[in-house]
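Taken in sequence, the protein lines are chains A and B. As numbered in my numbering, residues 742 to 963 make up the first sequence, in order. As numbered in my numbering, residues 2 to 322 make up the second sequence, in order. Working notes, structure below.
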Amino acid sequence: MDINEVELSTTPDAEAIAALQLGDIVYLNGLLYTAREGVYTRALDEKANLPMDLPSESATNFHCSPAATIREDGSFDMGAVTATASFRFAKWLPEWMEKTGAKLIIGKGGMNSAAYKEYFVPNGAVYLSTVGYGTGALLGRGIEKVEAVHWEPELGIAQAMWVIRCKRMGPFIVASDLDGNCLFERENAKIAKNLERVYEGTRPAVLKRFGETDDREDELIG
Amino acid sequence: MIPIAVIQETAEALMDKAAIEIPEDYHNGLKAVAKVETGSLSGYVIKAMLDNYDAAKEDRCAMCGDTGTPRWYVKMGNETTIEGGPVALEAALRSATANSTKRVPLRPNRVHPLWRTDHNNNVGIGAPEIEYAYEPGGEWIDLITVHKGGLFGTDYRMLFPSDGIEGIKRFYLDTLVAFGKRGLACQPAIIGIGLGGCKDTCMVLGKRAACLRVVGSKNPDPKIAELEAEFKQLGNSIGMGAMGFVGNSMVVDCHIEVGYCHTGGMQMSMHAFCLSSRRAVARIFADSRVEYRTDPDWFTDYQRRETVGWEGVETADEATV
């Protein structure tokens, strides 16, 4: 299978998003911002005013906290950037997308297809996953400039909202499409066919645990 | 006596190395995996990771943005003394952790579990962890830093003797499949398995098996070494590769370490040391000479000893006879 590579703006138009296929590799140009627990809590639960004009400045939300430091003169030193697991932000994302018009959600691990169908597709948004989750140095090369950091005094470096101007930042991989299909679920389904054979000859533990699933086709993310 | 300034200087250099330079054994292990990976998406991911290691070294930049939770393993020869004593040693390691967090930079991951207070330096209550071991003879100190990722890929279960090897395999597969989906474990990984001990020591053993043994090393018990090889093969036959895509690369290597346990139990822990297997090692001698290496060489015959005493070392029992 050939891997298809595309360049995309962080404020992409509807046609560009519609053209993306599961498994495509994406490189980004433009402004993006980072947002994890602290940003959603502050913006949505505590109703703080957003420090940027969204989505006109950026429609790209990166579930990330960079390896960065703020120098004494207020400038920034940012090296590696890597995504963090997105499923933990599911409770905030629908409201966030509605409020900010985010079209590209970038992170680790993706969401499930129910989430894609429920609030990604109606917002015309797709999910991009970082590659391998550890290509921090490669992504770091795509940083043209760290434009700002918001809410750092309140949230700390790891949870603050970083605003990054990127130039051909990538690789990212397209993990959902405008039909709500999920790349990871597609792959899981292929792998599931093999699981019974792999488990052959193993034995369930004599002492059971209160568990939420024994179905190996299930996933742990909610 | 080992000068404290040399300890801190070496510790800072190790923090940088761990974050930036993939250890050679893991690098070679992943290159070997890349050659046999048949899944196209999984193969693409592994190739990107190999490119990323080069980029990190060239740019002197952390290889992954999540720089884990830095910790220290310290080992000393029996005759070692440290300028300022163990309290000065711990202060030096805490300083090195804080300074390097700002300098590299690392992500300041360490926060209070409830109040989420972040000192922005990876230092806090109980952080970084510092664990100790000793070896007979010699005046030297080994400093090992490991910056393992912290959230996914690890589990513990109390198994029992009647569960047998088949039960161990089941829990091994359960953990790989559960955390392998969507690549949450950041595989291909070095899988460490702890068997036995008590619950806490079982977790410690498994973590050390993942983080303190190099790819290609074998347990000295030939039957355990056979299990390691079998488990590696089993993990790679799930049909899953990098990021949980179809493939055959979950396990770069499988390491099993054991400890004597309660007669009724067979504790098991699983740990995954990820695509950014961050570890760095140095030995400092009394004359301030520093030797850097990548093999922690933690599990020596002495660490795995089964006997009461140790050859050539007189016990108090013997001394009073």
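Note that beta-carbon positions come from the ideal geometry of N, C-alpha and C, so glycine has one too.
| Query | Result |
| --- | --- |
| A/Ile962 touches chain B at which residues, Cβ-Cβ below 9 Å? | Lys182, Arg183, Leu185 |
| For the candidate residues A/Ala760, A/Ala856, A/Thr810, whose alpha-carbon lies nearest to that of A/Ala899? | A/Thr810 |
| Which residue's Cα is closest to the Cα of B/Ala93: B/Gly184, B/Gly30, B/Arg305, B/Leu15? | B/Leu15 |
| Identify whether B/Gln9 lies in helix, strand or coil by the three-state DSSP scheme. | helix |
| Do you know how far the Cα of B/Cys255 is from the Cα of B/Pro189? | 11 Å |
| Could you tell me the boundaries of the alpha helix (DSSP H) in which B/Ser43 lies? | 41–60 |
| Count the other CB atoms within 10 Å of the CB of A/Phe951; is the residue buried (16 or more) or exposed (fewer)? | exposed |
| On the DSSP letters alone, give me the boundaries of the alpha helix (DSSP H) that B/Tyr27 sits inside. | 25–37 |
| Name the residues in the stretch 30–62 of chain B whose C-beta lies less than 7 Å from a C-beta of chain A; which are they? | Ser41, Leu42, Tyr45, Val46, Ala49, Met50, Asp52, Asn53, Ala56, Ala57, Asp60, Cys62 |
| Going along the chain, which residues of its own chain have a beta-carbon closer than 7 Å to the beta-carbon of B/Gly78, five neighbours each way excluded? | Glu136, Gly138, Gly139, Glu140, Trp141 |
| For a contact meaning CB atoms closer than 8 Å, what does A/Ile898 contact in chain B? | Arg108, Pro109, Asp119, Asn121 |
| Going by beta carbon distance, what residues of the same chain come within less than 6 Å of B/Asp119, once the five residues before and after it are set aside? | Pro109, Val112 |
| At what residues does the alpha helix (DSSP H) containing A/Glu839 begin and finish? | 834–841 |
| Is B/Ser270 buried or exposed, if buried means 16 or more other CB atoms sit within 10 Å of its CB? | buried |
| Let me check understanding here. Comparing Cα to Cα, which of B/Cys212, B/Glu231, B/Phe161 lies closest to B/Lys200? | B/Phe161 |
| If A/Ser799 and A/Tyr781 are in contact, beta carbons under 8 Å, what's the gap, nearest whole angstrom? | No, A/Ser799 and A/Tyr781 are not in contact; Cβ-Cβ is about 16 Å, not under 8 Å. |
| Does A/Phe817 come out as helix, strand or coil in the three-state DSSP assignment? | strand |
| Which residue's Cα is closest to the Cα of A/Ala824: A/Pro835, A/Tyr768, A/Arg777, A/Val887? | A/Arg777 |
| What is the C-beta distance between A/Thr871 and A/Phe913, in whole angstroms, given that I count them as a contact (C-beta under 8 Å)? | 6 Å |
| Using 8 Å as the threshold, is the stretch 213–230 of chain B in touch with the stretch 297–309 of chain B, meaning 3 or more CB pairs across them? | yes |
| Check the Cβ of B/Ser277 against every Cβ in chain A and list those closer than 7 Å, keeping chain order. | Gly875 |
| For B/Glu229, count the other beta carbons within 10 Å of its own beta carbon; 16 or more makes it buried, fewer makes it exposed. Which is it? | buried |
| Quick check: the Cα distance between A/Cys907 and A/Gly921, rounded to an integer number of angstroms? | 27 Å |
| Between which two residues does the alpha helix (DSSP H) holding B/Glu258 run? | Premise fails: B/Glu258 lies in the beta strand (DSSP E), 252–260, not in any alpha helix (DSSP H). |
| Of all the CB atoms in chain B, is at least one closer than 8 Å to the CB of A/Lys908? | no |
| Go ahead and pull the three-state DSSP assignment for B/Cys203. | helix |
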